[in-house]
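Since the structure comes first, as structure tokens, the remarks are kept for the end.
There are 2 protein chains.
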Amino acid sequence: MTAKPGKVTQREIARIAGVSQTTVSMVLNDRDGSNIRIPDATRERVRRAIEQSTYVADPAARRLAGLDNKILGVFTYESALTPESMDFYGPLLNGIERAAESLGCDLLFFTSSPVEEGRRRLFHRNTRLRLADGCVLLGQQMDGEDLERLVAEDFPFVAVGRRDETEAPVPYVGIDYGALTETLLGRAAELGHERVLYIHRNRNSPTARDRLAAIERAGHSPAVTLAVVGDDLAGLPRLIGETGATAVFAEDAFLVEDAALVLGDAGADAVSLAALAEVRGHRIGGRNLTGFHTPRQQIAAEALALLQQLISTAPDERGGIEIQRLLQGEVAFGETLTARGGAR
Amino acid sequence: MTAKPGKVTQREIARIAGVSQTTVSMVLNDRDGSNIRIPDATRERVRRAIEQSTYVADPAARRLAGLDNKILGVFTYESALTPESMDFYGPLLNGIERAAESLGCDLLFFTSSPVEEGRRRLFHRNTRLRLADGCVLLGQQMDGEDLERLVAEDFPFVAVGRRDETEAPVPYVGIDYGALTETLLGRAAELGHERVLYIHRNRNSPTARDRLAAIERAGHSPAVTLAVVGDDLAGLPRLIGETGATAVFAEDAFLVEDAALVLGDAGADAVSLAALAEVRGHRIGGRNLTGFHTPRQQIAAEALALLQQLISTAPDERGGIEIQRLLQGEVAFGETLTARGGAR
DNA sequence: CCGTATTGATAATTCGCATTATCAGCGGCT
DNA sequence: AGCCGCTGATAATGCGAATTATCAATACGG
């Protein structure tokens with residue numbers, strides 16, 4: 001397919017310059033040493049031949065010869081570019097693009113990964129993964145097998161978001177949701193809240209567990225009641241009544257929005273609300289939602305920096321690298337977390 | 001770099017199954033013919049060896065051997081994933097992602113292209129372009145040299161947006177802004193507007209020229225005065241007064257917004273406003289802006305379909321393909337184009 | 001019983017580039 | 001003359017998969 005009649009190879013350059021293909025390669029890669037010596041005159045002759053032509057190195061051949069490619073893979077466990085997911089992925093992708101640009105790398109999106117048993121799989125018969133020097137993984141939920149295999153094969157990769165679903169340590173860059181959760185609980189205590197209701201969907205993700213662990217750690221001030229909720233939040237008012245909670249925290253901003261809808265204007269005014277997640281762009285009844293601000297572009301930049309580090313380090317020397325990095329986010333004090341009983 | 005100790009090759013599979021590498025390749029590609037015959041027993045043996053292992057074909061080697069890669073390049077003349085440009089690129093990228101997914105292709109973003117003389121260049125010493133089977137080009141303004149060279153090298157590519165900056169015909173998928181412009185002018189005439197002021201930035205792009213050509217074609221009903229404006233729109237009220245225009249059309253929605261700002265509430269109420277471009281998400285003083293709706297996801301889908309067609313057709317047989325395609329958008333009748341002198 | 005298909009499979013080659021090993025030519029030294 | 005060492009360059013090889021040419025073994029036909 002796609003015949004390339006105009007393709008210029010090193011051999012062609014060599015013919016023009018009257019040297020061997022080896023010499024052309026040496027000149028292109030600035031090789032020089034005890035065994036390889038090329039006088040400037042020859043160098044110049046070869047260079048000129050290259051300038052005259054439209055020579056471009058074939059990346060496939062370079063790769064096959066064992067060189068780096070300057071290609072970074074990007075794998076998302078959900079579609080990355082839909083309008084809905086742009087909210088979440090947008091800043092990450094933007095950060096990745098910028099970092100890649102400054103590293104001089106191209107980005108290979110594995111959009112072709114087939115869906116097997118309801119989830120996208122990174123590994124399949126025809127994966128182009130190996131074309132990349134390394135890979136960034138994105139997504140709320142990742143596949144443990146994929147991760148295991150990447151580790152086992154010493155393939156350089158970095159997950160965005162904390163991971164703990166595997167035996168082997170997985171390189172990641174994430175947000176310290178535990179610390180943020182503690183801070184926000186402390187703030188709630190200061191504001192006089194003694195009973196808080198935490199609603200979540202019982203997701204089996206590391207960050208979900210981190211939040212729960214932090215709540216655990218916080219002890220009894222304030223006392224937090226955990227409640228798993230489904231799509232139907234109808235039972236929420238009853239739950240609030242039973243627990244005597246003066247504040248409702250939820251796993252993410254969307255869940256807060258759903259809760260606010262169920263509680264109605266009056267109810268939403270009566271209790272404080274907060275999300276233990278990014279709240280940028282979310283407002284509840286005209287008020288800025290209290291929650292976290294997470295530096296997503298920074299995460300992306302850090303992830304690519306780590307990836308680059310892994311790529312340029314031999315597998316057996318990666319021991320010294322800090323491969324699990326948590327960045328500190330900040331608590332966004334909106335207007336939905338107010339003093340207990342206080343009018344806003 | 002990046003030693004791949006766990007890398008399984010066809011040779012390894014061959015060793016396990018007790019056959020030659022050739023046979024493995026034949027089985028994998030389902031080759032069969034007068035010269036190549038492999039009994040089912042052997043086939044099965046090889047298949048099982050592959051199943052047992054973690055064999056994945058090396059894409060670089062396949063590519064070098066002259067096969068298709070299922071990789072489509074994406075080149076944007078501006079950064080594609082910034083929050084600002086998401087407005088424009090988002091729907092296109094989304095469409096591209098979905099089309100690629102259904103075609104089973106991965107997407108290679110050429111984020112590494114260096115900026116030379118103020119513009120990004122597709123071709124450079126280390127371009128990974130050849131790794132892709134074909135390429136989609138995005139951007140308001142493209143580089144004529146890039147296009148010429150792509151054509152000259154018979155490299156399959158498709159530009160998004162109409163192109164006319166080259167001698168050779170460039171494959172593209174775009175919007176028929178001419179037709180839309182005519183329709184909107186007609187509508188203005190129906191509403192009683194006899195004099196329209198068209199403000200633009202004198203951009204040297206095909207679509208800009210299309211709009212001007214359509215205005216030209218429309219003749220004298222309504223009479224359109226053309227005005228090139230810079231960043232400063234201060235002279236706009238005077239222009240309106242001099243020309244007696246009852247409606248102001250602008251090149252794009254942003255320009256309309258700027259104009260509305262200059263005219264102020266009173267002025268914006270007095271004249272009708274419209275953009276000869278996509279107006280989704282743009283509102284002027286609480287009213288939906290009149291302009292066009294362009295099916296951007298559809299453009300992307302069509303572009304990838306065309307690209308796929310070019311890829312799978314030998315260069316000398318591409319004659320029969322309709323390589324320049326204009327899609328019809330639709331006029332979005334907002335509330336900023338009203339009957340002449342009519343209250344809204 | 002000898003030539004000739006047919007079957008099943010493999011050795012050899014190619015793709016473009018990087019690298020290693022090798023070599024021809026020359027000057028200096030003993 | 002014979003040996004050494006240096007310079008400048010090239011032949012040979014490998015990377016992994018696809019393809020082409022080739023071959024050994026068996027079956028067949030007369």
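Residue numbers (this note's numbering), protein chains in the order written: chain A, 1 to 344; chain B, 1 to 344. Even glycine gets a Cβ: it sits at the ideal position worked out from N, Cα and C.
### Task
Spell out a yes or no on whether the region 112–125 of chain A and the region 94–114 of chain B are touching, meaning 3 or more CB-CB pairs, one atom from each, closer than 8 Å.
yes
### Message
Beta carbons nearer than 7 Å to chain A: which residues of the region 94–117 of chain B have them?
### Response
94, 97, 100, 101, 104, 105, 106, 107, 108, 109, 110, 111, 112
### Query
Exposed or buried, what is residue 337 of chain B when buried is set at 16 or more other beta-carbons lying within 10 Å of its beta-carbon?
buried
#### Entry: Neighbour list for residue 125 of chain B in chain A, Cβ cutoff strictly below 8 Å
56, 57
### Query
Measuring CB to CB, does residue 121 of chain B end up less than 9 Å from residue 143 of chain B?
yes
### Query
What number of angstroms, rounded off, separates the C-alpha of residue 322 of chain A from the C-alpha of residue 103 of chain A?
20 Å
### Query
At least one CB of chain A closer than 9 Å to the CB of residue 13 of chain B: is that the case?
no
### Other residues of its chain near residue 185 of chain A: CB distance less than 6 Å, five sequence neighbours each side excluded
218
#### Entry: Cα-Cα separation, residue 148 of chain A to residue 162 of chain A
15 Å
### Task
For the region 69–83 of chain A, enumerate the residues whose C-beta is nearer than 8 Å to any C-beta of chain B, in chain order.
69, 70, 71, 79, 80, 81, 82, 83
### Task
Sort out for me which residues DSSP pairs residue 105 of chain A with in a bridge.
DSSP, once it has assigned bridges, lists no residue as partnering residue 105 of chain A.
#### Entry: Coil, strand or helix - residue 76 of chain B by DSSP
strand
### Task
Jot down the residue ranges of each uninterrupted alpha helix (DSSP H) in the region 129–154 of chain B, minimum 4 residues, whole runs only, in chain order.
144–152
#### Entry: 8 Å Cβ shell around residue 236 of chain A - same chain, five flanking residues per side excluded
199, 229, 248, 259, 262, 263
### Task
Throw me the rounded Cβ distance for the residue 127 of chain B and residue 151 of chain B pair, which I believe falls under 8 Å.
Actually they do not touch by this definition, with Cβ atoms about 16 Å apart.
### Message
Which residues of the region 14–44 of chain B have a Cβ closer than 8 Å to any Cβ of chain A? Give them in chain order.
### Response
none
### Task
Could you work out which residues of chain B lie near residue 90 of chain A, taking near to mean beta carbons separated by less than 8 Å?
81, 83, 86
### Task
Using the DSSP secondary-structure output, state which residues sit across from residue 227 of chain A in a beta bridge.
A:199
### Task
Tell whether a beta-carbon distance below 9 Å holds between residue 73 of chain B and residue 136 of chain B.
yes
### Task
Give the interface partners of residue 337 of chain B over in chain A, defined as CB-CB distance under 7 Å, in chain order.
Within chain A, no residue comes near residue 337 of chain B; the closest Cβ sits about 27 Å away, beyond 7 Å.
### Query
With 16 other CB atoms within 10 Å as the buried threshold, where does residue 2 of chain A fall?
Model confidence at residue 2 of chain A stands at a pLDDT of 40, short of 50, so the residue's coordinates are unreliable and nothing is read from them.
### Query
Taking one C-beta from the region 20–30 of chain B and one from the region 88–96 of chain B each time, how about it: are there three or more such pairs within less than 8 Å?
no
### Query
Are the C-beta of residue 153 of chain A and some C-beta of chain B separated by less than 9 Å?
yes
### Message
Runs of 4 residues minimum, wholly inside the region 37–69 of chain A: which ones carry the alpha helix (DSSP H) assignment?
### Response
40–52, 59–64
### Query
In chain order, what residues of the same chain lie with their CB nearer than 7 Å to the CB of residue 283 of chain A, ignoring the 5 residues before and after it?
289
### Message
Between A:95, A:18, A:37, A:172, which has its C-alpha nearest residue 326 of chain A's C-alpha?
### Response
A:172
### Query
Roughly how many angstroms lie between the CA atoms of residue 164 of chain A and residue 201 of chain A, to the nearest whole one?
19 Å
### Query
Mind pulling the chain B residues with CB within less than 8 Å of residue 128 of chain A?
59, 69, 70, 71, 106
### Task
Could you say which of B:66, B:18, B:194, B:333 lies nearest to residue 44 of chain B if we only look at CA atoms?
B:18
### Message
Three Cβ pairs or more, each shorter than 8 Å: is that satisfied between the region 66–83 of chain B and the region 272–286 of chain B?
### Response
no
### Query
In chain order, which beta strand (DSSP E) runs of at least 3 residues are fully inside the region 247–275 of chain A?
247–250
#### Entry: Backbone CA spacing between residue 354 of chain B and residue 95 of chain B [nearest angstrom]
In this structure chain B extends from 1 to 344, so residue 354 of chain B is not present and cannot be described.
### Chain-order list of residues whose beta-carbon lies under 7 Å from that of residue 50 of chain A (same chain, five-residue window excluded)
13
### Message
Distance cutoff 9 Å, beta carbons only. Does residue 180 of chain A sit that close to anything in chain B?
### Response
no
### Query
Mind checking if residue 304 of chain A is an interface residue toward chain B, Cβ cutoff 9 Å exclusive?
no
### Task
Alpha carbon to alpha carbon, how far is residue 87 of chain B from residue 265 of chain A? Give it in angstroms, no decimals.
33 Å
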